[in-house]
Each structure stands twice: as structure tokens, then as C-alpha cells.
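Take a look at the structure below.
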Amino acid sequence: MESDPFEAVRRESDPLEQARMAGDLMALYRQRGYELARIRRDAINRVVEQRGVNFSAVGAELGLTRGRISQIRKDAPATERAFFGVGPIDVATPTRHSADRAEGLVAREDAESARIITDVLRDLAFEVRPVAIPIDGTWNPAHEAVVICGPKSSHVSAEILSHDPVLSFYEDEGGRWVIEERATGQRFESPLDDGTKGEDVAYVGRVTRGSKTVLVIAGIHALGSIGAVSYVAENLRSLHDAVGTKDFSMVVRAQFEELTPTSKEAVWGPTVHR
Numbered sequence: 030m031e032s033d034p035f036e037a038v039r040r041e042s043d044p045l046e047q048a049r050m051a052g053d054l055m056a057l058y059r060q061r062g063y064e065l066a067r068i069r070r071d072a073i074n075r076v077v078e079q080r081g082v083n084f085s086a087v088g089a090e091l092g093l094t095r096g097r098i099s100q101i102r103k104d105a106p107a108t109e110r111a112f113f114g115v116g117p118i119d120v121a122t123p124t125r126h127s128a129d130r131a132e133g134l135v136a137r138e139d140a141e142s143a144r145i146i147t148d149v150l151r152d153l154a155f156e157v158r159p160v161a162i163p164i165d166g167t168w169n170p171a172h173e174a175v176v177i178c179g180p181k182s183s184h185v186s187a188e189i190l191s192h193d194p195v196l197s198f199y200e201d202e203g204g205r206w207v208i209e210e211r212a213t214g215q216r217f218e219s220p221l222d223d224g225t226k227g228e229d230v231a232y233v234g235r236v237t238r239g240s241k242t243v244l245v246i247a248g249i250h251a252l253g254s255i256g257a258v259s260y261v262a263e264n265l266r267s268l269h270d271a272v273g274t275k276d277f278s279m280v281v282r283a284q285f286e287e288l289t290p291t292s293k294e295a296v297w298g299p300t301v302h303r
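Counting in the numbering used here, the sequence shown runs from 30 upward without gaps.
Here you go:
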């Protein structure tokens, strides 16, 4: 029989560990509360659509006043919150080698990508936990996650990308990283590798890993990740409408002025995994 995490907190004898466990569980309960509010609001909306009744009638069936129904519809997080799971969410960026700092550093592009997606997640009532992936790439998400890096920098990204049934992300014989459609061999390469400044492509894919939702955003270069997170941020509603909570993959191309995307488009997908 699966243990009750609440009872596990109560039974913990080490006070420091008990405090940590209690904080983690409180965060989980808060996130589930937001998700339940979203589910209830969307369910109420479906009743109105499917039965052709008004919100007051639904409220009467649920024992809720018209004012309470209005409040539920106004205060619950957006439907597209489900795109990222339940939360809390780790936003993970890679620690890169540095000749000047033994502990490594986070690239400006990765930090900007993390900032953009963190703003989106917090607007959707997620608790966000920043994570620096170690230089050796060894890390496993403690929660649901957005991982902003490719297979070279994270074992999690490498595992997820190797099992993607529709796209591959690999280093070719010439040393260039490529995103390729498995069925047709169509390749997506970075214009940066041909000397074209300010343009890059990125992989975006989501999988359910155990019970956790993990979104991988991997530019062929770090600049591409900024374009991909910006595309997700601006098109989240339509992306959620297209793929729901199913596993999927896509490729995004973006053009930039410095670190600011001036255009971004989906050049392949999104395609749901079968």
C-alpha cells in the first residue's frame, strides 16, 4: 500500500527533515489546489456547453450561488496551465564550462530563456524552482520541469530526445548539431553554423516522465532556445488546443536582434506522439 506523504511528515523524527518535508508537501498541496480550481472551472464551462444551460443553473446543481460561480470562473488559472502539468516546476538551465570560473557559469541566452518561461509559469500560478544543471549534465528533476538545453548538457534531455519517436537531435559527422525528422530525413540546421548571424532553430518537446510532465526546449545554439520559449509564451493557448496534455514535438525557427526575437515560427509540427 502506498504511504501517505502527510503521515510520513507527521512521523518524521528529525525536526530539520520534518520542516523540509512539510514545506515541500505544502507547496505540492498549493499547486494541486490551483490545478483543481482550473479543472472545476473548465468542468463548469463544459456543462454549460454540453447541456445548453446557464451558469446559474449549474451553480444551483452544485449548491453554489451565482456570485460564487462568477468568482470561480474569474479566479481560476487559465485552461492552458495544463500544458505544463500540475507543479511545482523546476526550470533547469545548464552550467557551462568557463576558463575563469571553476564552478562554471550560466550563459546569457540560457538565463534569458529561463526568465521568459518563468514569467509565463508564474502568471499561471506555478511555483517555480530554478535549477542549475551541473557541468557533467547529471541531474534528475525533483518536480515537473522545463529543461532548457540539448543532449550535450543534460542527461535528462539526452534521454528524452533519444526516445522521441518523430524527431532526432544529434551531432553529424561534420560536428554540426542537427534536428531531423525520423520518417523523412528532413534536416533542420542552424543558420549560425553557416555564418548567418541572428537566426537559429530549436527543438521543443514534451513528455510524461513517470508522473511528471517535462518540457524540453533545446536550441541548436543557446540563442535558439530564446526563440523557442518566446514562441511557446506567445502561442501557449493555441499549442494547448493543438496537443492538449499529450506528448509532442516541434521545431521553431527565430530571427533576432541581439537577444530579442524579431520573428519566430513553427517550421515543423507540433506533432503528437503516437
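Note that CB positions come from ideal geometry on N, CA and C, so glycine has one too. Keep in mind the model is a prediction, meaning the values are calculated, not measured.
Would Ala56 and Pro117 be called neighbours here (beta carbons separated by less than 8 Å)? The sequence position of residue 56 within the sequence shown is 27, counting from 1. The sequence position of residue 117 within the sequence shown is 88, counting from 1. Going by C-beta atoms, Ala56 is nearer than 8 Å to Pro117.
State the Cα-Cα distance for the pair Val176 and Phe112, rounded to the nearest angstrom. On the sequence shown, residue 176 is found 147 positions in, with the first residue counted as 1. On the sequence shown, residue 112 is found 83 positions in, with the first residue counted as 1. So the two alpha carbons sit approximately 15 Å from each other.
Can you pull the DSSP bridge partners for Phe285? Counted from its first residue, the sequence shown places residue 285 at position 256. The partner list for Phe285 (beta bridge, DSSP) reads Pro290.
Helix, strand or coil, according to DSSP, for Arg205 in the structure here? Taking the sequence shown and counting its residues from 1, one reaches residue 205 at position 176. Residue state, collapsed to three classes: coil.
Which value, in whole angstroms, describes the spacing of the CA atoms of Ser267 and Ala105? For the purposes of this step, residue 267 is taken as the residue at position 238 of the sequence shown. For the purposes of this step, residue 105 is taken as the residue at position 76 of the sequence shown. If you draw a straight line from the Cα of Ser267 to the Cα of Ala105, it comes to about 19 Å.
In or out: Arg282 buried (at least 16 other Cβ within 10 Å) or exposed? One-based indexing of the sequence shown puts residue 282 at position 253. With 16 or more other Cβ atoms from the protein chains shown falling within 10 Å of its own Cβ, Arg282 counts as buried.
Measure the C-alpha to C-alpha separation of Asp229 and Ile73 and round it to an integer number of angstroms. Looking up residue 229 in the sequence shown gives position 200. Looking up residue 73 in the sequence shown gives position 44. Approximately 42 Å between the Cα atoms of the pair.
How close, in whole Å, do the beta carbons of Ser278 and Gly256 come, if the pair is a contact with beta carbons under 8 Å? For the purposes of this step, residue 278 is taken as the residue at position 249 of the sequence shown. For the purposes of this step, residue 256 is taken as the residue at position 227 of the sequence shown. Actually they are not in contact, since the Cβ atoms of Ser278 and Gly256 sit about 16 Å apart, beyond 8 Å.
With the cut-off set at 8 Å, would you say Ser186 and Val261 are in Cβ contact? Sequence index remark: in the sequence shown, residue 186 carries index 157 (1-based). Sequence index remark: in the sequence shown, residue 261 carries index 232 (1-based). No, these two residues do not count as a Cβ contact at 8 Å.
Note the first and the last residue of the continuous beta strand (DSSP E) segment covering Ser197. Here residue 197 refers to the residue found at position 168 of the sequence shown. Where Ser197 is concerned, the enclosing beta strand (DSSP E) starts and stops at Leu196 to Glu200.
Of the choices Arg70, Arg158, Asp276 and Arg49, whose alpha-carbon is the least far from that of Val195? Taking the first residue of the sequence shown as 1, we reach residue 195 at position 166. Comparing Cα positions, the closest option is Asp276.
I need the boundaries of the beta strand (DSSP E) containing Gly244, first residue and last residue. Numbered from 1 along the sequence shown, position 215 holds the residue referred to as residue 244. Correcting the residue identity first, residue 244 is Leu in this sequence and not Gly. Here the beta strand (DSSP E) through Leu244 covers Lys241 to Gly248.
Leu93 by DSSP, collapsed to three states: which one? The residue given as residue 93 occupies position 64 in the sequence shown. Reduced to three states, the DSSP call for Leu93 is coil.
Indicate whether Asp71 and Thr108 have their beta-carbon atoms separated by less than 8 Å. Residue 71 sits at position 42 when you count from the first residue of the sequence shown. Residue 108 sits at position 79 when you count from the first residue of the sequence shown. Result yes, Cβ atoms of Asp71 and Thr108 sit closer than 8 Å.
DSSP three-state call for Ala105: helix, strand or coil? Counted from its first residue, the sequence shown places residue 105 at position 76. Coil, per DSSP.
Tell me the rounded alpha-carbon separation between Ala143 and Val120. By 1-based counting over the sequence shown, the position of residue 143 is 114. By 1-based counting over the sequence shown, the position of residue 120 is 91. Near 7 Å, if we compare the C-alpha coordinates of Val120 and Ala143.
Ala212 versus Ser219, Asp193 and Phe155, residue with shortest Cα-Cα distance: Working through the sequence shown from its first residue, we reach residue 212 at position 183. If you compare the alpha carbons of Ser219, Asp193 and Phe155 with that of Ala212, the shortest gap goes to Asp193.
How big is the Cα-Cα spacing for Phe84 and Lys103? Mapped onto the sequence shown, residue 84 falls at position 55. Mapped onto the sequence shown, residue 103 falls at position 74. Distance between the alpha carbons of Phe84 and Lys103 is about 13 Å.
Once the 5 residues before and after Phe35 are set aside, which same chain residues still bring their CB inside 8 Å of it? Taking the first residue of the sequence shown as 1, we reach residue 35 at position 6. The beta carbon of Phe35 sits closer than 8 Å to those of Leu54, all from its chain and outside the five residues before and after it, given in chain order.
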